[in-house]
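Okay, so here's the structure we're looking at.
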Amino acid sequence: MIEIKNLSKWYGHFKVLDDINETINRNQVIVICGPSGSGKSTLLQCLNGLEKFQEGDVFIDGVSLKNPKTNLNRIRQNIGKVFQKFELYPHLTALNNITLAPIKVKKQDKDKARERAMSLLRRVGIEDQAHKYPGNLSGGQQQRVAIARALAMDPEIILFDEPTSALDPEMIQEVLDVMIDLANSGMTMVVVSHEMSFAKEVADEIIFMDEGRIIERATDRAFFEKPQTERAKSFIDKIRGSEGRQRTNITAS
Amino acid sequence: MGEFDLSVIAANFGFLMRGLFTTFQLAVVAITGGLLLGIVVGFGRLSTHKIIFYPATAFVYFLRSLPVILVIFWFYFLIPVIVGRPLVDFLSASIAFIVFEAAHFAEIIRAGIQSIPQGQVKAAYSTGLNYRQAMASVILPQAVRNMAPSLLTQSVVILQDTSLAFVIGLNEFLRAATVVDAREFRSLELYTFAGIVYFIICFSMSSLVKRWETRRRMNI
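As they're listed, the protein sequences go chains A and B.
Numbering-wise, the first sequence is residues 1 to 253 according to the numbering used here.
Numbering-wise, the second sequence is residues 1 to 220 according to the numbering used here.
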């Protein structure tokens with residue numbers, strides 16, 4: 001479904017992605033983790049053509065993203081994306097955030113699009129917030145609207161770029177629950193995240209990146225228990241520490 | 001001269017108001033035309049095509065470096081050379097203002113569009129919207145709200161600046177006052193009256209902008 005071949009990318013002289021190779025199959029859930037600046041988000045941006053790359057190629061269902069003839073808008077309709085900072089449109093209600101692309105791009109009937117949006121909001125558990133503007137929603141609610149917005153285009157793949165890292169700790173679980181539900185329904189997902197609980201529960205493969213390279217791959221939770229490389233080990237120790245601190249904070253408050 | 005005699009204003013009220021009407025006419029033409037041309041130039045400033053970007057940028061930088069009075073004079077003398085016959089002063093002033101204000105409006109429009117965070121653009125593209133759809137449904141609705149106060153403030157400035165068209169003999173409000181003054185020698189009364197009229201119009205427009213802006217800020 002997604003094939004990444006010898007992908008390299010530079011910002012000026014700085015190599016952000018260094019010879020990435022990866023195949024993501026239908027219905028798979030891939031979790032990418034790694035320290036900040038390791039190129040995870042950049043990699044994600046390359047998968048739907050939001051970022052250009054200099055070497056290698058990415059194929060979506062066999063279609064090359066590098067080929068200038070490829071219609072990127074068409075490809076993106078099939079690849080949803082959820083952002084760290086939600087990126088809901090502030091001038092539109094939750095409902096209209098969701099219906100915008102189906103109406104404009106897929107030329108869906110407005111009533112049908114609204115009906116579908118309502119059922120998606122029901123699915124992510126915030127039907128009652130449909131007519132609120134993003135500014136009046138909590139972070140967790142905003143991110144759930146953003147997931148519903150991605151789902152409204154009926155994509156086969158959804159990319160998640162640190163979907164819980166801008167959230168207050170007590171809101172993380174409500175977003176993770178939606179994501180776990182999606183994963184269990186067979187959605188193909190590429191998730192940049194440090195949420196070990198999520199990775200352990202639904203990831204088919206965990207990728208550890210550092211300095212623009214894939215350092216380690218693991219097919220199960222073994223990655224968190226017994227990382228193969230020293231870098232991965234020290235990274236896991238660090239996120240364990242911070243997750244522990246967050247939990248203490250919640251109990252304390 | 002002696003005492004402050006307001007009868008001069010009453011006696012010439014019709015003439016003065018015709019001047020004020022010309023001032024409004026010129027302001028409306030300058031704002032509308034300047035805005036339309038400014039939209040084109042503003043988008044040109046955002047273009048990734050060099051053939052569009054550089055001329056638009058040169059236009060903006062050049063005109064923003066000139067005093068408006070020079071531009072008024074310049075068009076007044078330049079256009080007859082190009083078209084072969086003199087233009088009526090209103091048309092000449094209109095063209096000068098449209099071109100001059102377009103450069104200022106263009107920068108407000110460019111800045112307004114660029115004030116929308118990249119994340120919004122990426123979110124729009126991620127759902128399959130193309131450039132035009134993203135612009136129309138996501139970027140412009142937000143950008144227009146951001147740029148509206150600046151556009152309105154600039155419009156107030158334009159209304160004041162139209163008084164400079166008197167240098168080419170256009171009978172706008174300020175010139176109407178000077179014409180009456182040349183006949184009646186009542187400078188103090190006439191210029192005080194003109195000042196009050198300009199103040200009332202521009203101050204109420206700016207207050208409206210300010211009130212609107214505070215309301216908008218409270219809504220967000």
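Heads up, the beta-carbon is just placed ideally off N, CA and C, and yes, glycines get one too.
No experiment lies behind these values; they were computed from the predicted model shown.
Under the three-state reduction of DSSP, which class applies to residue i: helix, strand or coil?
i	result
B:T127	coil
A:Y11	strand
A:F160	strand
B:N171	coil
B:V157	helix
A:A218	strand
A:E55	strand
B:M1	Legend: pLDDT at B:M1 = 48, less than 50; position of this residue unreliable, value from coordinates given subsequently. Note: B:M1 maps to coil in three-state DSSP.
A:N6	strand
A:R213	strand
A:I20	strand
A:F83	coil
A:F208	strand
A:S64	strand
A:T188	strand
A:V178	helix
B:V28	helix
B:I116	coil
A:V105	coil
B:I69	helix
A:V29	strand
A:D237	helix
Here's a check: name, in chain order, each residue in its chain whose Cβ is nearer than 7 Å to the Cβ of residue i, leaving out the five neighbours to either side.
i	result
A:P35	D210, F235
A:K52	none
A:L44	L159, D161, V190, V192
A:A183	V29, M189, V202
B:Q154	H104, F105, I108
B:E213	P149
On the CB-based measure, 16 or more other CB atoms within 10 Å of its CB, does residue i come out buried or exposed?
i	result
A:E115	exposed
B:D89	buried
A:T188	buried
B:Y54	exposed
A:N96	buried
B:L36	exposed
B:L6	exposed
B:D161	buried
A:K40	buried
A:Q142	buried
A:H13	exposed
B:H49	exposed
B:R211	exposed
A:M153	buried
A:S185	exposed
B:G84	exposed
B:P117	exposed
A:N25	exposed
A:T93	buried
B:L129	buried
Restricting to Cα atoms, I'd like to know which of the options is closest to residue i.
i	options	result
B:F73	B:Y54, B:V180, B:F97, B:V8	B:F97
A:V31	A:T219, A:E225, A:K233, A:I239	A:T219
A:S76	A:S8, A:F59, A:Y11, A:L121	It is worth fixing the name first, because residue 76 of chain A is Arg in this sequence and not Ser. Nearest option by C-alpha distance: A:F59.
B:L140	B:I69, B:V29, B:I109, B:S126	B:I109
B:Q133	A:G212, A:G135, A:T42, A:L100	A:L100
A:K104	B:A124, B:G14, B:A102, B:F43	B:A124
B:T127	A:T93, A:K106, A:Q54, A:S38	A:K106
A:L65	A:I2, A:D181, A:R144, A:R213	A:I2
B:G119	A:K112, A:F223, A:F83	A:F83
B:S115	B:V144, B:R217, B:Y198, B:P67	B:V144
B:M147	B:I51, B:G38, B:F185	B:G38
Quick one: measure Cβ to Cβ for residue i and residue j, integer angstroms, because I've assumed they're closer than 8 Å.
i	j	result
A:G302	A:K15	Residue 302 of chain A cannot be examined here, being either before or after the span of chain A that is shown, 1 to 253.
B:V99	B:L63	7 Å
B:F166	B:A194	So it is not a contact: roughly 11 Å between Cβ atoms.
A:T164	A:E195	6 Å
A:A146	A:L88	6 Å
A:G140	A:M171	3 Å
B:I79	B:I95	7 Å
Can you find the residues in the same chain that come closer than 6 Å, C-beta to C-beta, to residue i, ignoring five residues on each side of it along the sequence?
i	result
B:M205	V156
A:Q228	E216
B:L152	V209
A:I157	I79, T188
A:A166	Q84, K85
Report all residues from its chain with a CB closer than 8 Å to the CB of residue i; omit the five preceding and five following residues, and keep chain order.
i	result
A:E127	M118, L121
B:I168	I72, F73, Y76, D89, S92, A93
A:L176	T164, E195, S197, F198
A:P90	Y133, P134, G135
B:I158	A27, A30, I31, G34, F97, E101
A:N27	G186, M187, T188
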